[in-house]
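Everything on this sheet refers to the single structure shown next.
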């Protein structure tokens, strides 16, 4: 006769808390040393290093990018998409595509591809639904940030797009790490709570390690904390904050409660909701390109 008893709810909760804390400790320790990004980020890192000089001629940039066929193909697709084509004729070669998009979009495209490949990795498959929701939200925030920058500020719209794209990078990496811990794999809700608590600080460290410009990194700080909503957008941080909430951060994965008087979804929607159809359209286009 089996006389063993199932662990109590308190014991299970304590084990989850212990394993979650261990995961954060392990990742923080690794980030403080020689952090190794997953192999899917290698192309993005190579390109960022090779393209550090902003004065490189387009012919040289084209030669460098041609060594990364997937990045090159996505740049061609992006340059000929509704996002960037406008009234221009289709581009027929990589040099023309880079000329239309600019060096910043080369680096951003490489990073977007890396993030999408990371989501597809076996390591993160156990949290597939959550990862896909995060990815969709990241694309919508990137689209919203680009539109806000273009329509309401003089801030570079491609920098805004990058800031929106990477604002939740820490959450993706926390999902990947949580998949290594048995108790966390079995309890996605606890993983969501860990992400809500730690993704911003982990993300800032990761972005700095990737060599993302400081103004973009700074714009991701406290993006999911309630602020007073600015009616006039002044900074890149304003753009990321508004884009993040406007595209549903509080319902898609964190389920956070926002103070409607201090930075909530309804306040943001009332002020900036007119761009939601354009955000949806641009995000769908990005989904096709970065699938």
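In this note's numbering, the protein residues as written are 669 to 959. C-beta atoms are modelled at their ideal positions from N, C-alpha and C, and glycine is treated no differently. Remember, it's a predicted structure, so these values are computed and weren't measured experimentally.
Sort 764, 708 and 732 by Cα distance to residue 717 and report the nearest one.
732
For residue 942, which of 763, 886, 820 and 726 has the nearest alpha-carbon?
820
Measuring straight from C-alpha to C-alpha, what distance separates residue 801 and residue 689?
24 Å
Excluding the 5 residues preceding and the 5 following residue 784 in the sequence, name in chain order all residues of the same chain whose CB lies nearer than 8 Å to its CB.
Excluding residues within five positions, the ones whose Cβ falls inside 8 Å are 803, 958 and 959.
Exposed or buried, residue 736, counting other C-beta atoms within 10 Å across all chains shown (16 or more means buried)?
buried
When burial is assigned at 16 or more other CB atoms within 10 Å of the CB, is residue 711 buried or exposed?
In the assembly as shown, residue 711 is a buried residue. Its beta-carbon has 16 or more other beta-carbons within 10 Å.
Contact check, residue 815 vs residue 766 under 8 Å by CB: the rounded distance?
Not a contact, Cβ separation roughly 23 Å.
Is it true that the region 828-844 meets the region 887-895, where meeting means three or more beta-carbon pairs spaced less than 8 Å apart?
Counting C-beta pairs with one atom in each stretch, the region 828-844 and the region 887-895 have three or more that are closer than 8 Å, which means they touch.
For residue 866, report the span of its alpha helix (DSSP H) as first-last.
Counted as a single uninterrupted DSSP element, the alpha helix (DSSP H) harbouring residue 866 occupies residues 856-878.
To the nearest angstrom, how far is the alpha carbon of residue 728 from that of residue 882?
26 Å
Local Cβ density within 10 Å of residue 773, reported as buried at 16 or more and exposed below that:
Under a 10 Å Cβ-count criterion, residue 773 is classified as buried, with 16 or more other Cβ atoms of the shown protein chains found around its own Cβ.
Return the CA-CA distance between residue 862 and residue 817, expressed in angstroms with no decimal places.
Between residue 862 and residue 817, the alpha-carbon positions lie close to 31 Å from each other.
Around the C-beta of residue 806, are 16 or more other C-beta atoms found within 10 angstroms, so that it is buried, or is it exposed?
buried
Starting from residue 937, trace the alpha helix (DSSP H) in both directions and tell me its first and last residue.
933-940
Specify, as a first and last residue, the run of the alpha helix (DSSP H) that residue 819 falls within.
796-820
Restricting to Cα atoms, I'd like to know which of 775, 747 and 913 is closest to residue 935.
913
If I follow the unbroken alpha helix (DSSP H) through residue 744, where does it start and stop?
737-747
Checking 8 Å against the spacing of the C-beta atoms, do residue 751 and residue 845 come in under that value?
Against a cut-off of 8 Å, the Cβ pair of residue 845 and residue 751 comes out as no contact.
Sort 822, 809, 857 and 879 by Cα distance to residue 947 and report the nearest one.
809
Closest residue to residue 812 among 776, 847 and 908 (Cα-Cα distance):
When C-alpha distances from residue 812 are compared across 776, 847 and 908, the shortest belongs to 908.
Would you identify the three-state DSSP class for residue 893, choosing helix, strand or coil?
coil
Check whether the Cβ atoms of residue 668 and residue 795 lie closer than 8 Å to each other.
Nothing can be reported for residue 668, as the shown portion of the chain is limited to 669 through 959.
First and last residue of the alpha helix (DSSP H) that includes residue 949?
Counting along the chain, the alpha helix (DSSP H) containing residue 949 begins and ends at 944-957.
Give the C-beta separation of residue 840 and residue 787 to the nearest angstrom, bearing in mind that I take them to be a contact with Cβ-Cβ under 8 Å.
7 Å
Identify every run of the alpha helix (DSSP H) within the region 687-717, keeping only runs that are complete inside it and at least 4 residues long; order them along the chain.
Runs of the alpha helix (DSSP H) lying entirely within the region 687-717, each at least 4 residues long, are absent.
Round the Cβ separation of residue 730 and residue 762 to the nearest angstrom and send it over; I've been treating them as touching at under 8 Å.
5 Å
Does residue 750 come out as helix, strand or coil in the three-state DSSP assignment?
coil
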